[in-house]
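Before any comments, here is the structure.
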Amino acid sequence: AQKITQTQPGMFVQEKEAVTLDCTYDTSDPSYGLFWYKQPSSGEMIFLIYQGSYDQQNATEGRYSLNFQKARKSANLVISASQLGDSAMYFCAMRRSGGGADGLTFGKGTHLIIQP
Amino acid sequence: DAGITQSPRYKITETGRQVTLMCHQTWSHSYMFWYRQDLGHGLRLIYYSAAADITDKGEVPDGYVVSRSKTENFPLTLESATRSQTSVYFCASSDLANQPQHFGDGTRLSIL
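In order, the protein sequences belong to chains A and B.
The working numbering applies: residue 1 is where the first sequence begins, and numbers increase by one.
The working numbering applies: residue 1 is where the second sequence begins, and numbers increase by one.
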């Protein structure tokens, strides 16, 4: 079975600072994908970034980067130069790459609040 | 516009009633999913589908029924609603296993 752990229920960060959201995972599958989603107060789920288990380089998407440490089974999200609009819930999730239709396993999320 | 649409956005019903939540996507994605979101649990997978007429149970399938007669539609039915099924329900779709799932805006369901 897969498991995602997000140990930070809430975080307060000053605007323009970098922020790291922690995510550790547990799986016995050799091939998997790791995802981060943002859920603002309006409720929609917004895809941010993806990392494959065999990818050699850490994924980056604009101000988002994923610090992937496979041996430690961690996939932390780094947001550079935080903005007020980054305030939201952030979910780490994983999915097996083999087997096709498997859904995502989500962590319980981190509530990030950016302060001016 | 292409996308994934859920309806209704809000629904209030009574225990014991049947209710169906609709999900429609215009990307022709093979895979579709239903999740529920509850405080303290994050999102949990209810059912998923790899293609038309192929469905399978997720983590929390009890009390729910799905069908997928067409690729673009994936309705979720609560056959006899219970208060414990009060939740926010999200539909999602994706093309390949390593592609991100795209979510609808959710249906907030309250069962009295």
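Quick reminder that beta carbons are idealized off the backbone N, C-alpha and C, glycines included.
>> Less than 6 Å between C-beta atoms, sequence neighbours within five positions excluded: which residues of the same chain meet that for Leu21 of chain B?
In response: Reading the second sequence from its first residue, position 21 is the one you call residue 21 of chain B. Contacts found: Leu76, Tyr89 and Thr107.
>> Please state the DSSP three-state secondary structure of Arg108 of chain B.
In response: Taking the second sequence and counting its residues from 1, the one referred to as residue 108 of chain B is at position 108. Arg108 of chain B falls in the strand class under three-state DSSP.
> Can you find a CB in chain A that lies within less than 8 Å of the CB of Gly16 of chain B?
Replying inline: To locate residue 16 of chain B, count along the second sequence from 1; it is residue 16. Taking Cβ atoms only, chain A never reaches closer than 8 Å to Gly16 of chain B, which makes this a no.
> According to DSSP, is Ser41 of chain A helix, strand or coil?
Replying inline: One-based indexing of the first sequence puts residue 41 of chain A at position 41. Coil, per DSSP.
> If you draw a straight line from the C-alpha of Trp27 of chain B to the C-alpha of His102 of chain B, how long is it?
Replying inline: Numbered from its first residue, the second sequence carries residue 27 of chain B at position 27. Numbered from its first residue, the second sequence carries residue 102 of chain B at position 102. When rounded, the distance between both Cα atoms is 10 Å.
>> Beta-carbon within less than 7 Å of Phe12 of chain A's beta-carbon, same chain only, minus the 5 sequence neighbours each way: which residues are those?
In response: By one-based count along the first sequence, residue 12 of chain A stands at place 12. Excluding positions up to five away in sequence, the list reads Ile113 and Gln115.
>> Check this for me: beta carbons of Ala188 of chain A and Gly107 of chain A, under 8 Å apart or not?
In response: The first residue shown for chain A is 1 and the last is 116, placing residue 188 of chain A beyond what the model contains.
> Quick one: which chain A residues come within Cβ less than 7 Å of Phe90 of chain B?
Replying inline: Along the second sequence, one-based indexing puts residue 90 of chain B at 90. Neighbours of Phe90 of chain B on chain A, chain order: Met45.
> How would you label Ser84 of chain B, buried or exposed, when you count the other beta carbons within 10 angstroms and need 16 or more for buried?
Replying inline: Looking up residue 84 of chain B in the second sequence gives position 84. Ser84 of chain B is exposed by the Cβ-count criterion.
> With a CB to CB cut of under 7 Å and the five nearest residues on each side skipped, what residues in its chain are close to Thr82 of chain B?
Replying inline: Residue mapping note: residue 82 of chain B aligns to position 82 of the second sequence, counting from 1. Cβ neighbours of Thr82 of chain B beyond the five flanking positions: Thr15, Gly63 and Ile111.
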